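*Asks:*
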Amino acid sequence: MLPQIIQGGMGVAVSNWKLAKAVSQHGGMGVVSGTAIDAVLIRRLESGDEGGDVRRALAAFPNQETANHILEKYFIEGGKAADVSYSNAPKLLINASRHSNDLLIVGAFVEVWLAKEGHNGSVGINFLEKIQMGSAAGIIGAMIAKVDYVIMGAGIPREIPRFITEIAQKKASYITIDIVNGESERITLDPAEFIDVTKFEFVRPMFLAIIISDILAAYLARDESSRPDGFIIEGPSAGGHNAPPRGKIEFDADNEPIYGPRDLANLEKMQKYGYPYWLAGGFGARGKLQEALDLGAVGVQVGTLFALCSDSGFTDKIRNQILDTLRDGTFEIHTDMLASPTGFPIKIVSLPGTTALPDVFAARPKLCDMGYLREPIMLKSGRVDYRCPSEPEKPYLKKDGTMEETVGRKCLCNGLFSNIGLGQHRRDGYDEAPIVTLGSDVDGCKELIKDFPGGWNAAQALDFIDVQ
Ligand SMILES: Cc1cc2nc3c(=O)[nH]c(=O)nc-3n(C[C@H](O)[C@H](O)[C@H](O)COP(=O)(O)O)c2cc1C
């Protein structure tokens with residue numbers, strides 16, 4: 246049975262296994278984030294794995310040699326000292342090391358395994374198409390944990406249906422990696438290299454593509470190898486990255502991009518195609534589920550309402566700061582056209598202490614030590630290198646980048662880890678500051694906080710959305 250309420254994937258580890266499990270146990274579908282899941286694994290182990298959850302999941306991984314190696318390398322009993330830095334995961338590459346793939350596979354396995362532990366509800370995992378180099382290994386790890394749904398947005402995920410079908414058949418499969426100014430290459434992985442597949446049965450998960458337009462739905466559906474099992478149609482108010490408005494971009498008085506009717510999917514066409522679809526972006530409020538059903542949808546995908554619930558990965562400090570602004574009416578959010586190195590607009594909450602504020606941003610010494618949003622580039626010299634427009638300007642320019650491309654870019658990798666209490670402490674003493682994304686439609690949150698002045702949990706959020 247298809248889920249009516251999907252709790253959207255929210256990176257990095259805002260939708261962690263605890264949130265997804267709480268949602269799935271209460272009749273919705275919980276979705277864990279697969280973004281930077283290798284570093285999430287390392288940082289949880291180096292923080293001491295309080296409660297032993299990660300170690301319990303590691304003990305269930307089919308290849309114990311790999312699991313033990315990771316445990317021995319990263320686990321710190323009691324957690325690392327506050328003035329010590331976390332170890333970095335190897336940066337994503339086209340020709341990744343075995344260890345890098347192991348971390349991605351085991352990281353995704355742990356997250357899904359824990360989200361599924363102890364109940365029969367469905368669990369999904371979310372990846373970003375933009376982070377192409379991490380997807381193949383992450384999806385395999387999630388499939389080893391028997392994930393029910395793979396969900397992908399932030400690009401055109403045309404290869405995933407074929408990839409998951411082939412992996413489920415225990416075959417090697419590939420994902421194509423775009424190279425700026427160069428010919429694309431492939432990352433090919435064989436699950437048999439990572440676990441003993443003779444003793445294992447995969448189940449092919451369903452694949453849902455996150456899209457904004459019916460045109461993309463028609464494009465993906467035209468061929469079996471790219472056809473998703475359903476679509477999540479995201480409107481412009483949704484949290485996280487958004488698609489830019491179509492055509493020439495115009496801005497309002499607050500310098501916000503203006504979205505118009507052309508930016509909304511044609512739902513009559515979607516109904517004609519006959520594929521299941523869910524609506525996302527401002528659907529976490531009373532009456533909105535019914536509205537989506539009336540528009541022919543199977544249900545809704547909701548992010549913001551769950552991001553702010555007590556089961557999410559946000560630190561209490563950040564959650565409470567935001568809840569305060571909802572209570573006193575000072576909540577402020579902007580669609581930033583430049584902040585994300587991906588080039589996509591991203592919604593950023595104006596929150597004190599985060600790099601949304603100019604002084605906090607200016608105080609951050611630039612550095613690129615995580616690199617999830619680096620893209621491969623064929624340099625004029627003929628060599629393939631990797632670059633991110635929010636890395637320090639000098640190396641970026643050396644990699645055939647332009648100064649213009651670096652303006653206003655923020656380090657999402659480090660900022661997003663600080664949101665969940667796993668931020669880096671640098672050797673020079675600098676602590677990475679958070680950067681928070683949410684959706685711009687917070688009507689549902691403002692309503693729910695009246696019922697629960699101290700904040701709500703995942704089950705209460707689900708009941709609230711479900712009220713007809
Ligand atoms: C904190 C946060 C992080 C998000 N991260 C991701 C992500 O990593 N991948 C993704 O596909 N969508 C992401 N989203 C979008 C949600 O999955 C969901 O589609 C969206 O929030 C729905 O709109 P709403 O926020 O108005 O409910 C994120 C949303 C939030 C609020």
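All the letters of the sequence shown, read from the start, carry residue numbers 246 to 713 under my numbering. Just so it is clear, CB atoms sit at the ideal spot from N, CA and C, and this is done for glycine as well. This one's a predicted model, so the numbers in the text were calculated from it and none came from an experiment.
Hey, how far is the Cα of Pro521 from the Cα of Tyr675?
*Replies:* 47 Å
*Asks:* Using CA coordinates, which residue listed in Glu495, Asn346, Asn511 is at the minimum distance from Tyr504?
*Replies:* Glu495
*Asks:* Under DSSP, the beta strand (DSSP E) around Gln546 begins and ends at which residues?
*Replies:* Taken as a continuous stretch (DSSP letters only), the beta strand (DSSP E) holding Gln546 covers 544-547.
*Asks:* Since Val276 and Ile370 should fall inside the 8 Å C-beta cutoff, what is the C-beta to C-beta distance between them, to a whole number of angstroms?
*Replies:* That pair is a contact at about 7 Å.
*Asks:* As a quick exercise: from Arg507, Lys416, Ala387, pick the residue whose alpha carbon is nearest that of Phe452.
*Replies:* Minimum Cα distance to Phe452 is reached at Ala387.
*Asks:* Are there any heavy atoms of ligand 2 lying less than 8 Å away from the beta-carbon of Val259, as far as the coordinates show?
*Replies:* Ligands displayed in this structure: ligand 1; ligand 2 is not among them.
*Asks:* On a CA-only basis, which of Leu550, Gly668, Ser555 is nearest Asp686? Give me that one, please.
*Replies:* If we check each option's Cα against that of Asp686, Leu550 comes out closest.
*Asks:* Using beta-carbon positions only, say whether His486 and Ser585 come within less than 9 Å of one another.
*Replies:* yes
*Asks:* Counting Cβ pairs closer than 8 Å, one from the stretch 423-430 and one from the stretch 360-369, do we hit at least three?
*Replies:* no
*Asks:* On the CB-based measure, 16 or more other CB atoms within 10 Å of its CB, does Thr421 come out buried or exposed?
*Replies:* exposed
*Asks:* Nearest-angstrom Cα distance between Lys643 and Ile622?
*Replies:* The alpha-carbon atoms of Lys643 and Ile622 are separated by roughly 12 Å.
*Asks:* Specify the secondary structure class of Thr580 as computed by DSSP and reduced to three states.
*Replies:* strand
*Asks:* Do the stretch 689-704 and the stretch 532-551 make contact, defined as three or more Cβ pairs closer than 8 Å?
*Replies:* yes
*Asks:* Which residue from Arg288, Leu509, Leu583 puts its Cα closest to that of Glu322?
*Replies:* Comparing Cα-Cα distances from Glu322 to each of Arg288, Leu509, Leu583, the minimum goes to Arg288.
*Asks:* What is the rounded straight-line gap between the Cα of Ala488 and the Cα of Val259?
*Replies:* 21 Å
*Asks:* Taking the alpha carbon of Thr410 as the point to measure from, which residue in Ser635, Ala525, Asp474 has its own alpha carbon closest?
*Replies:* Asp474
*Asks:* Compare the C-alpha of Ala466 against each of Pro502, Phe559, Asp497, Ile401 and name the closest.
*Replies:* Ile401
*Asks:* How is the beta strand (DSSP E) around Glu620 delimited, first residue to last?
*Replies:* 620-623
*Asks:* Excluding the 5 residues preceding and the 5 following Glu291 in the sequence, name in chain order all residues of the same chain whose CB lies nearer than 6 Å to its CB.
*Replies:* Tyr319, Ile321, Lys325, Tyr331
*Asks:* Leaving out five residues before and five after Cys690 in sequence, what residues of the same chain have Cβ atoms less than 7 Å from its Cβ?
*Replies:* Thr549, Leu550, Leu553, Leu571
*Asks:* Measuring alpha carbon to alpha carbon, tell me which of Leu512, Leu434, Ala437, Gly383 ends up nearest Ile460.
*Replies:* Leu512
*Asks:* Under 8 Å from any heavy atom of ligand 1, does the C-beta of Ala399 make it?
*Replies:* Checking the 8 Å criterion, the Cβ of Ala399 is within range of a heavy atom belonging to ligand 1.
*Asks:* Tell me the DSSP secondary structure of Met246 in three-state form.
*Replies:* coil
*Asks:* Since Gly724 contacts Gly526 with CB under 8 Å, what's their CB separation in whole angstroms?
*Replies:* Beyond the ends of the chain as shown, which are 246 and 713, falls residue 724; an answer cannot be given.
*Asks:* Please state whether the Cβ-Cβ distance between Met378 and Ile339 is less than 9 Å.
*Replies:* yes
*Asks:* At the level of alpha carbons, what is the spacing between Ala413 and Ser471?
*Replies:* 16 Å
*Asks:* What span of residues does the alpha helix (DSSP H) with Asn565 cover, start to end?
*Replies:* 561-573
*Asks:* Could you tell me which residues DSSP pairs with Met397 in its beta bridges?
*Replies:* In DSSP, Met397 forms a bridge with Phe372, Ala454.
*Asks:* Need the endpoints of the alpha helix (DSSP H) that Thr682 sits in, please.
*Replies:* Run containing Thr682: none; DSSP gives neither H nor E here.
*Asks:* Going by the C-beta, is Ala215 closer than 8 Å to any heavy atom of ligand 1?
*Replies:* An answer regarding residue 215 cannot be provided, because it is not within the stretch 246 to 713 covered by the chain.
*Asks:* Report buried or exposed for Thr600, applying the criterion of at least 16 other Cβ atoms within 10 angstroms of its Cβ.
*Replies:* The residue is buried, with at least 16 neighbouring Cβ atoms inside 10 Å.
*Asks:* Can you tell me whether DSSP reads Ala305 as helix, strand or coil?
*Replies:* coil
*Asks:* Check whether the stretch 658-666 touches the stretch 249-259, taking contact to mean three or more Cβ pairs, one atom from each stretch, closer than 8 Å.
*Replies:* yes
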